[in-house]
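**Student:**
Protein chains in written order, with our numbering: chain A, 303 to 609; chain B, 1207 to 1358.
1) Quick one: list the residues of chain A neighbouring residue 1237/B, beta-carbon separation under 7 Å, in chain order.
2) Pick helix, strand or coil for residue 1289/B, following the three-state DSSP scheme.
3) When the Cα atoms are used, what is the spatial distance from residue 565/A to residue 393/A?
4) For residue 350/A, go through chain B and note every residue whose CB falls closer than 7 Å to its CB, in chain order.
5) Would you say the stretch 1233-1247 of chain B touches the stretch 1274-1283 of chain B, given that touching needs at least three Cβ pairs under 8 Å?
6) Comparing C-alpha positions only, which one of 1214/B, 1291/B, 1334/B, 1314/B sits nearest to residue 1250/B?
7) Give every residue of the same chain whose Cβ lies closer than 6 Å to the Cβ of residue 455/A, excluding the five residues on either side of it in the sequence, and list them in chain order.
8) Using the rule of at least 16 other Cβ atoms within 10 Å of the residue's Cβ for burial, across every protein chain shown, is residue 600/A buried or exposed?
9) Touching or not, the stretch 320-327 of chain A and the stretch 560-575 of chain A, by the rule of three or more beta carbon pairs under 8 Å?
10) Can you list, in chain order, the residues of the stretch 541-561 of chain A whose Cβ is nearer than 7 Å to any Cβ on chain B?
11) Count the other C-beta atoms from every protein chain shown that fall within 10 angstroms of the C-beta of residue 407/A, then say buried if there are 16 or more, exposed otherwise.
12) Which value, in whole angstroms, describes the spacing of the CA atoms of residue 402/A and residue 467/A?
13) Taking the Cβ atom as the reference point for each residue, do residue 412/A and residue 491/A lie within a distance shorter than 8 Å?
14) Output, in sequence order along the chain, the residues in the stretch 1237-1271 of chain B whose CB is closer than 7 Å to any CB in chain A.
15) Could you confirm whether any beta carbon from chain A is found closer than 8 Å to the beta carbon of residue 1222/B?
16) Under the three-state reduction of DSSP, which class applies to residue 1266/B: helix, strand or coil?
17) Please tell me whether residue 1279/B has its Cβ less than 8 Å away from any Cβ of chain A.
18) Only counting the same chain, and skipping five residues up and downstream in sequence, which positions put a Cβ closer than 6 Å to that of residue 1305/B?
19) Under 7 Å: does the beta carbon of residue 1286/B sit that close to some heavy atom of the ligand FMN?
20) Run through the stretch 438-468 of chain A for me and flag every whole alpha helix (DSSP H) of 4 or more residues, listed as ranges in chain order.
21) Report yes if the C-beta distance between residue 1326/B and residue 1313/B is below 8 Å; otherwise report no.
22) Tell me whether residue 493/A sits in a helix, a strand or coil according to DSSP, three-state version.
23) Buried or exposed: which applies to residue 493/A, given that a residue is buried once 16 or more other Cβ atoms fall within 10 Å of its Cβ?
24) Leaving out five residues on either side along the sequence, give the residues of the same chain with a beta carbon under 6 Å from the beta carbon of residue 399/A.
25) Between the alpha carbons of residue 549/A and residue 465/A, how many angstroms are there, rounded?
26) Check the Cβ-Cβ distances between residue 473/A and every residue of chain B, and say whether any is below 8 Å.
27) Can you check the stretch 1208-1281 of chain B for any alpha helix (DSSP H) of at least 4 residues that lies completely inside it and give the ranges in chain order?
28) Please state the DSSP three-state secondary structure of residue 1294/B.
29) What three-state label does DSSP hand residue 501/A in the structure shown?
30) Contact check, residue 1261/B vs residue 1283/B under 8 Å by CB: the rounded distance?
31) Taking the alpha helix (DSSP H) that residue 243/A falls in, what are its first and last residues?
32) DSSP puts residue 530/A in a beta bridge; with which residues?
33) If you drop the 5 nearest sequence neighbours on each side, which residues of the same chain put their C-beta closer than 6 Å to that of residue 1336/B?
34) Out of 1222/B, 1220/B, 1216/B, point me to the one whose CA is closest to residue 1231/B's CA.
35) Helix, strand or coil for residue 404/A? Go by DSSP, reduced to three states.
36) Within this structure, are the beta carbons of residue 1291/B and residue 1332/B separated by less than 8 Å?
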């Protein structure tokens, strides 16, 4: 059995750890709230953008108006984000993960989901088609480099409030790879924020852009005859890159919220465990102390009897 | 359509949140092809927006916003503006905008790559747009007696 002094030292170290985890837990719980607010604040914009895109798509003729896709000027390039590639010969995965750890299994679950998605896609399109990754967040980047997976670009340390400029850069990498044909289809994998207790790794298709079907039906019903200024094609080509940006922005914001939620839960468990451990150790310490006192008394008594 | 109260419902949203939400009698927006005036009962319209000033008029008062490009949708007296960037004129920090303009301009003079150039030109334009909107706002509020609500 450990001596009383050893136990006392352990109690002190566990208490120190508990202090740190409790601090992290408090910080995380306040940051979850703020991150959630940012997710909410970004929602009206992306909802409206989805609606406008659905209306444009239901108007239908806009793409044809844009002229032949063979042209290589910028406007047509943007329209090409809508058209699926005839054959899928390469896959792109945009992997969104937190930058830091101490948050339970959230990162590894997301990474695993990304690999699972690759397996599924390969089952459909051929087992040997190449995959390209773009990593947003250090945890995903580290995972990909550790497993020697091809990394097209990496964006790390975005912080709690990712700047719009960074989002544009990410969108640019993704759309350029699509337009040059080096990637035929893009998916985004991120830890979706369901609640403070649940974050689910989720896959969303990124490119080709698919007009939101749920709204499209509702819009087609209404059959609105819009005036387009300057033209439907011009609006399309201004809208599609922004649509791609918000489709990337929203999950990144959500992954921040998910990270703090997961960290909060992980740190709460750690603090609770530490508290339990301290009370167990205290019990053991008291027993050890009692035992040593008893032995001492016995020795004194025995010594007294001997003399 | 009901002819009752002919007002427009205006929403200005950006990627980071809502900037303006309220009713209006008239909206003047910096359309891609020039200034656009929107009155109630306007036909459904989808348009791109340039960097410029958005004026929202309501019962003689006027709210001015800086818009950093985007889109506008008009449908059944709902005016939805999806802006890349938006700010109310009275909250524009002119000194900061001027600072940003000068900073971007200096960088621009040293830049050679086309991509960076385009981004910086955009930055300069946005800063200039901000300053211009702030100036318009300052002149107007100087000329008129300040409305009682602007005591903040």
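For each residue, glycine too, the CB sits at the ideal point set by N, CA and C. Quick caveat: nothing in here was measured; it's all calculated off a predicted structure.
**Tutor:** So, from the data block:
1) Contacts between residue 1237/B and chain A, judged by CB atoms closer than 7 Å, involve 531 in chain order.
2) In the structure shown, residue 1289/B adopts extended strand secondary structure according to DSSP, grouped into three states.
3) If you take the alpha carbons of residue 565/A and residue 393/A, they lie about 31 Å apart.
4) By Cβ distance, chain B contributes 1219, 1286, 1288.
5) Output reads yes: the stretch 1274-1283 of chain B touches the stretch 1233-1247 of chain B.
6) Nearest Cα to residue 1250/B within the set 1214/B, 1291/B, 1334/B, 1314/B: 1214/B.
7) Excluding residues within five positions, the ones whose Cβ falls inside 6 Å are 436, 475.
8) With fewer than 16 other Cβ atoms within 10 Å, it is exposed.
9) Taking 8 Å as the limit for Cβ pairs, the verdict is that the stretch 560-575 of chain A does touch the stretch 320-327 of chain A.
10) From the stretch 541-561 of chain A, only 541, 548, 551 have a Cβ closer than 7 Å to chain B.
11) In summary, residue 407/A is exposed, with fewer than 16 beta-carbon neighbours lying within 10 Å of its beta-carbon over all protein chains present.
12) Spanning the two alpha carbons is a distance of roughly 22 Å.
13) Yes. Within cutoff.
14) Those residues of the stretch 1237-1271 of chain B that come within reach of chain A (Cβ to Cβ, closer than 7 Å) are 1237, 1238, 1239, 1249, 1250, 1251, 1252, 1253, 1254.
15) Answer yes: the Cβ-Cβ gap between residue 1222/B and chain A drops below 8 Å somewhere.
16) DSSP places residue 1266/B outside both helix and strand once states are collapsed to three, so it counts as coil.
17) So, interface residue.
18) Its chain contains no residue whose beta carbon lies nearer than 6 Å to that of residue 1305/B once the 5 sequence neighbours on both sides are disregarded.
19) This structure does not include the ligand FMN; it has no bound ligands of any sort.
20) The stretch 438-468 of chain A contains these whole alpha helix (DSSP H) runs: 440-448.
21) For residue 1326/B and residue 1313/B, yes; Cβs fall inside 8 Å.
22) Three-state result, residue 493/A: strand.
23) With 16 or more Cβ atoms within 10 Å of its Cβ, residue 493/A is classed as buried.
24) If we look at residue 399/A and ignore the five residues flanking it on each side, its Cβ neighbours are 409, 412, 439, 441, 442.
25) Residue 549/A and residue 465/A: Cα-Cα distance of roughly 15 Å.
26) So no, residue 473/A is outside the interface.
27) If we require 4 residues or more, the stretch 1208-1281 of chain B turns out to have no alpha helix (DSSP H) run fully inside it.
28) Strand.
29) DSSP places residue 501/A in strand when its eight states are reduced to three.
30) Going by Cβ atoms, the distance from residue 1261/B to residue 1283/B rounds to 17 Å, so no, they are not a contact pair.
31) This structure cannot settle anything about residue 243/A, because the visible part of chain A is limited to 303 through 609.
32) According to DSSP, residue 530/A bridges with 1252/B.
33) Leaving aside the five residues that flank residue 1336/B on each side, the residues in its chain whose CB is nearer than 6 Å to its CB run, in chain order, 1272, 1298, 1303.
34) In terms of CA proximity to residue 1231/B, 1216/B leads the group 1222/B, 1220/B, 1216/B.
35) DSSP places residue 404/A in coil when its eight states are reduced to three.
36) Yes, these two residues count as a Cβ contact at 8 Å.
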